[in-house]
Amino acid sequence: MLNVVWLIPALPLAGFAIILVFGRRLGDPKAGYLATLMCGGAFVVAVGAFFDLLSKSADQRQHIVKVFAWVPVGSLKVDLAFLADPLSITMCLFVTGIGTLIHLYSIGYMHGDPRFSKFFLYLNLFAVSMLVLVLGENMLVTFLGWEGVGTCSYLLISFWHERESAATAGKKAFVTNRVGDWGFMLAMFFAFQATGTLSWVGVNSAAHTMAQTTATAIALFAFIGARGKSAQLPLYLWLPDAMEGPTPVSALIHAATMVTAGVFLMCRISPVLNVASSYAPTLIAIVGAATALFAATIAVAQNDMKRVLAYSTISQLGYMFLAVGSGAYTAAIFHMVTHAFFKALLFLGSGAVIHGMHNEQDMRRMGALRKVMPITAATFIVGWLAIAGVPPFAGFWSKDDILLAAYDKSPVLWAVGLVTALLTAYYMTRQVIMVFYGKARWHDHHEEQGAHGDFEPHESPAIMLLPLVVLAGLSIVGGAINLPFSHTTERLATWLEPVLGTHDSTTAKIPLAVIATAIALIGISASIMVYAKHKRAPIEPEVLAQGWYYDAAVSKFMGGPGREAFEGVAWYDANVIDGAVNGVGRLVRGTGQRIRTVQSGNVRNYAAAIGVGVVLLLAWFVVVRGNL
Amino acid sequence: MISFPILTMLVLVPTAGSILVAVFSNRRPEFVKLTALLTSVLTGGLSVWVLVAFDKANADFQFVTKHIWIKPWGISWHLGVDGISLFLVVLTGVIFPIVIAGTDPHHDTKRYLSWMLLLEAGLMGSFLSLDLFLFFVFFEIVLVPMYFLIAGWGYEGRVYAATKFFLFTMVGSAFMLVGIIATAFLAKGNGPLTFDLIELAKADFAASTGRWLFFAFAVAFAVKVPIFPLHTWLPDAHTQAPTGGSVILAGVMLKLGTYGLLRFGVFLFPEAARWSRSLWLTLGVIGIIYGAIAATMQKDLKRLVAYSSVAHLGFIVLGIFAMTSQSITGGVMQNINHGVSTGALFLLVGMIYERRHTRQISELKGLQKVAPIFAGVFMVVMLSSIGVPGLNGFVGEYLVLIGSFLTARWWAVVAASGVILAALYLLWAYQRVFHGEPDEANKDFGELKLREAAVMLPLLGVIVFTGLYPKPMLDRIEPSVKKLIEHVSEKTSYTDPQPVGVAP
Chain A
1 MLNVVWLIPA
11 LPLAGFAIIL
21 VFGRRLGDPK
31 AGYLATLMCG
41 GAFVVAVGAF
51 FDLLSKSADQ
61 RQHIVKVFAW
71 VPVGSLKVDL
81 AFLADPLSIT
91 MCLFVTGIGT
101 LIHLYSIGYM
111 HGDPRFSKFF
121 LYLNLFAVSM
131 LVLVLGENML
141 VTFLGWEGVG
151 TCSYLLISFW
161 HERESAATAG
171 KKAFVTNRVG
181 DWGFMLAMFF
191 AFQATGTLSW
201 VGVNSAAHTM
211 AQTTATAIAL
221 FAFIGARGKS
231 AQLPLYLWLP
241 DAMEGPTPVS
251 ALIHAATMVT
261 AGVFLMCRIS
271 PVLNVASSYA
281 PTLIAIVGAA
291 TALFAATIAV
301 AQNDMKRVLA
311 YSTISQLGYM
321 FLAVGSGAYT
331 AAIFHMVTHA
341 FFKALLFLGS
351 GAVIHGMHNE
361 QDMRRMGALR
371 KVMPITAATF
381 IVGWLAIAGV
391 PPFAGFWSKD
401 DILLAAYDKS
411 PVLWAVGLVT
421 ALLTAYYMTR
431 QVIMVFYGKA
441 RWHDHHEEQG
451 AHGDFEPHES
461 PAIMLLPLVV
471 LAGLSIVGGA
481 INLPFSHTTE
491 RLATWLEPVL
501 GTHDSTTAKI
511 PLAVIATAIA
521 LIGISASIMV
531 YAKHKRAPIE
541 PEVLAQGWYY
551 DAAVSKFMGG
561 PGREAFEGVA
571 WYDANVIDGA
581 VNGVGRLVRG
591 TGQRIRTVQS
601 GNVRNYAAAI
611 GVGVVLLLAW
621 FVVVRGNL
Chain B
629 MISFPILTML
639 VLVPTAGSIL
649 VAVFSNRRPE
659 FVKLTALLTS
669 VLTGGLSVWV
679 LVAFDKANAD
689 FQFVTKHIWI
699 KPWGISWHLG
709 VDGISLFLVV
719 LTGVIFPIVI
729 AGTDPHHDTK
739 RYLSWMLLLE
749 AGLMGSFLSL
759 DLFLFFVFFE
769 IVLVPMYFLI
779 AGWGYEGRVY
789 AATKFFLFTM
799 VGSAFMLVGI
809 IATAFLAKGN
819 GPLTFDLIEL
829 AKADFAASTG
839 RWLFFAFAVA
849 FAVKVPIFPL
859 HTWLPDAHTQ
869 APTGGSVILA
879 GVMLKLGTYG
889 LLRFGVFLFP
899 EAARWSRSLW
909 LTLGVIGIIY
919 GAIAATMQKD
929 LKRLVAYSSV
939 AHLGFIVLGI
949 FAMTSQSITG
959 GVMQNINHGV
969 STGALFLLVG
979 MIYERRHTRQ
989 ISELKGLQKV
999 APIFAGVFMV
1009 VMLSSIGVPG
1019 LNGFVGEYLV
1029 LIGSFLTARW
1039 WAVVAASGVI
1049 LAALYLLWAY
1059 QRVFHGEPDE
1069 ANKDFGELKL
1079 REAAVMLPLL
1089 GVIVFTGLYP
1099 KPMLDRIEPS
1109 VKKLIEHVSE
1119 KTSYTDPQPV
1129 GVAP
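Those sequence lines, one after another, are chains A and B. Number 123 in our numbering belongs to position 123 of the first sequence; there are no gaps in the numbering. Whatever position you read off the second sequence (first residue = 1), add 628 for our numbering.
If you want it as structure tokens, here you go:
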């Protein structure tokens, strides 16, 4: 299968092409099934490639498939080529696997939407881009996918573009991501200048001979790109707004796959990061830890079901960067995979809730939904336990890996990670209680919902529940891919070792794991005390609900001084530069009228005047300069 | 060498068409249109033939035709095409039939089409001339039809815009004429007088002389590009010109500036170009940022696209003067890509105007809901203009940036931020025009018509194909660019920089 690894993106591409031409004829639900089939086909190929790679010895697990020479100019030789190695195939497996489930779910979720086939058109294009991103043999092919996912994200966030907020959110996501893209481009330029190639293998193998400042520059500029895509401080702003898109999009793009591209990028250039100045990884770890904590505090006070999960995603991505900065790349990828399981599950679950609640997203109007949506509730609870870090659910193992690495890096970072874990357990418990337990508050708003007639939340159709059940299963057992008991149970770490190297820790694992578990349980209990037993009033200050006013401040700056500066430039152009031009014009005209030798305003005469001038200049050149 | 004078035909066919259309009777308008269309299609076919027959391994001028014209002055009808001009010729050949088929003037079709064909002849001649005097003649010929097209078939402020356009370019031309004549006389030495580009390029000028001469050429081309701060004729001309005029202006005519800088500026005066590079790099980068910021704040769609041209052409200027094989190849690519994308954008804005009789962004709303296919086409063209990889716009800009990074790192760093701004102004405009619920005035906005689709389809094809597979173009452009850089190396101490680890 390795020689046809190009099929992995090609299958969804074929789906895209077919839906582009025949989308309307296929319609609802055939277009959806076709798209799902293509994504599923990509998964099958990825599984095949995985086993092919596995059958080789560890140092041989690298296979490059060149499709054609893409941008060859002089010393710059870029092929459209794919690199199959343990890292890219791991990414492919979970991208196509979860992607297929979400495609399937979307058939139910988007049923009845007038733009049904267009949704799957975009979704398949997204799958193509994401797979090109992870399979890229060189930085430019990865960048092709990188921009492709950004574009699809834009198209899908503003999918319901009649809604002002959706259109604005899409634009915001694209432009903010472009700030990151600038960083990625510069990382490429530095790499090209230092190594003469853009291929990942070439750049990474040249890392040890690279000047340290160059390596640092590549790492830090790539990190700017990563911060844009993976919504880290200070570029995270677009992700909460991206929830304007349909919920399957939030699950696929803004939780499971695209937003992890930044983490993937940093792992891809890990050999370069390893030789960079030590402050580079430290900075990455600090930004990751700070983002994790920052976003978790905001999640505590959100009432929109999807926004809680959005901030939670930002927070969990922060963990992954904490791992990258601590040198534990495998832990980052491990958490990326488990997070993809449980966060996709949580988002799809929230989609089922929103679907069943007739597009209600405010958790204050929910409650007691476990009675009407038993399967959604049960799977959501699995997701909750996984993200909260309760053993033996998937999130526990991967988060524990990261905390261990953070402890090795610095106990302060570990402590920040621990506080974040506490908050995570707390806000997720809050969400579960508000949505599925307590009093059914949707009755209180019956009148407002009157337009719908008899309003009764309902369970989702089987096509939506199946993905939930599968993901719940993965969220329970997902940790098994990398258990810390011995070297043989650390399957993921062993598998990724040829690409990412090893991260050995001397710290005792068990005490840290016990502390982390205790912290998770404390967070859950505290939340139960507040939201279920009402022993204490909830602490949800406005400053947290408003996300520390950061978004508001940025918007205010952009709409205020930023806009004024832009308008200043436009004014300057219209009045100063063009004003000077018109001034000269008037002057010439005025002088002309006074002297009455030229009939002003007539182009022919201007031209004649110019002609005379030319002759004079010419004479000067030929006579004066010619004589010199 | 083919004996058939194909390049001469590229100039003569549209000229003949122009005359034919002009003498036709006004009573048979359908013949007029048909003749014009056939002429432009024939020219387009010839240009494609040149593309097919072009030998990509040969960096020299091909299909060369040379006939003595004015012997005592050493002026000849000397035409030739190389990798730098090849795609400009093809672009000219292809875009004219699209414009003639796709847009209609609101009155006096006959004269309009006659001017159009003369414009095509002038542009072809400019891109093919290898004689300075001949080039100047064509360069000036181009002005006249464009002036009349804007003044005769433009919008409300057309007279002001046409006059401004004419004066700006005439001032530039005056400098160039002086430069051309002085170059020929100063290079003469004891030999015969010649205006032949290839002969003149062999001459060695004293540094200060070369710099003066370069300056004379550069001013003319800087106006045409346009390079900041000589750009203010462009938004007016673009906005006021009829759709067809805007497409030609942006798609082909601006390229005379960047092409001229390469073909005449850098080629004839390498030392001066090297010496003044910081100035041009800076002006190029200012153009990128300044044009984008000004575009963001425009209220008129056409003005917005016009300012975006200032930004896009800034990349080409950056690429030319960074002078690496990647950056110049990228600049030549960008020349073509900008022509295709911006030409397509102007066509689309023209279609919006035909339906709504307004170009004001604030008067348009929610078009995507009522015309999804139209919106989809606009989206693809817009993404190409933003420079999303996989579409044509990216390839040129990226090559310019990565090439410039080798010799002009900090300029490239600033220029790269232009990609953020490009997304900002276009997406913001797109949101205001296409997103939202259409209001009363926009709810009957018509979907893309068959004829419009037929016009856009080839452009979309080029946008996608070039983005995914630019190699055929790069293979033809690069040898000539390399040759140009070698020429610069011979004349100065400059060499094309190689990244570390690459054998030179």
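For glycine and all other residues, C-beta sits at the position ideal for the given N, C-alpha and C. Bear in mind the structure is a predicted one, so any value in this text is a computation, not a measurement.
Verify whether the separation of the beta carbon atoms of residue i and residue j is less than 8 Å.
i, j, result
"B:L635", "B:T693", "yes"
"A:V259", "A:G288", "no"
"B:V1005", "B:L1054", "no"
"B:G947", "B:G959", "yes"
"B:F803", "B:A812", "no"
"B:V933", "B:F974", "yes"
"B:W1056", "B:T970", "no"
"B:P820", "B:G702", "yes"
"A:I98", "A:T257", "yes"
"A:R227", "B:V1047", "no"
"A:A49", "A:P12", "no"
What's the call for residue i, buried or exposed, on a 16-neighbour Cβ count within 10 Å?
i, result
"A:W442", "buried"
"B:M637", "buried"
"B:P1132", "Confidence at B:P1132 is low in this model, with a pLDDT of 41, below 50, so its placement is unreliable and the value that follows should be read with caution. Result: exposed."
"A:Y549", "exposed"
"A:H335", "buried"
"B:E1065", "exposed"
"A:N3", "exposed"
"A:K371", "exposed"
"A:P541", "exposed"
"A:T597", "Only weak support is given to the placement of A:T597: the predicted model assigns it a pLDDT of 49, under 50, and the value that follows is read from those uncertain coordinates. That one is exposed."
Which residues of chain A have a Cβ atom closer than 9 Å to the Cβ of residue i, listed in chain order?
i, result
"B:T957", "V73, G74"
"B:E611", "Lying before the first or after the last residue shown, residue 611 of chain B is absent from chain B, which here runs from 629 to 1132."
"B:Q1126", "G74, S75, G196"
Which chain B residues sit within Cβ distance under 9 Å of residue i?
i, result
"A:S158", "Q1059, H1063"
Where does the unbroken beta strand (DSSP E) through residue i begin, and where does it stop?
i, result
"B:G708", "703-709"
"B:T693", "690-698"
"B:I855", "Where B:I855 is concerned, there is no enclosing beta strand (DSSP E), given that its DSSP letter is neither H nor E."
"A:H503", "Careful: A:H503 lies outside any beta strand (DSSP E) and carries neither H nor E."
"A:F184", "Where A:F184 is concerned, there is no enclosing beta strand (DSSP E), although the alpha helix (DSSP H) it sits in stretches over 164-195."
How close, in whole Å, do the beta carbons of residue i and residue j come, if the pair is a contact with beta carbons under 8 Å?
i, j, result
"B:I723", "B:V853", "No, B:I723 and B:V853 are not in contact; Cβ-Cβ is about 19 Å, not under 8 Å."
"A:Y105", "A:H355", "That pair is no contact at about 10 Å."
"A:V71", "A:L140", "7 Å"
Residue i touches chain A at which residues, Cβ-Cβ below 8 Å?
i, result
"B:M925", "F566, E567, V569, A570"
"B:A588", "A query on residue 588 of chain B cannot be resolved here, the shown segment of chain B reaching from 629 to 1132 and no further."
"B:L1102", "V71, P72, V73"
What does residue i reach in chain B if we use C-beta pairs closer than 7 Å?
i, result
"A:M130", "Within chain B, no residue comes near A:M130; the closest Cβ sits about 14 Å away, beyond 7 Å."
"A:F174", "A1051, L1055"
"A:D578", "T860"
"A:A167", "Q1059, H1063, G1064"
In chain B, what lies closer than 8 Å to residue i by C-beta?
i, result
"A:V179", "I1048"
"A:Q232", "Within chain B, no residue comes near A:Q232; the closest Cβ sits about 17 Å away, beyond 8 Å."
"A:T142", "Near A:T142 there are no residues of chain B at all, since even the closest Cβ is about 10 Å away, more than 8 Å."
Using the beta-carbon of each residue, which ones in chain A are nearer than 7 Å to residue i?
i, result
"B:T643", "Those do not exist, as B:T643 stays about 22 Å from chain A at its closest Cβ, beyond 7 Å."
"B:K738", "Within chain A, no residue comes near B:K738; the closest Cβ sits about 23 Å away, beyond 7 Å."
"B:S1045", "W182"
Which residues mark the beginning and the end of the alpha helix (DSSP H) in which residue i is found?
i, result
"A:F43", "7-54"
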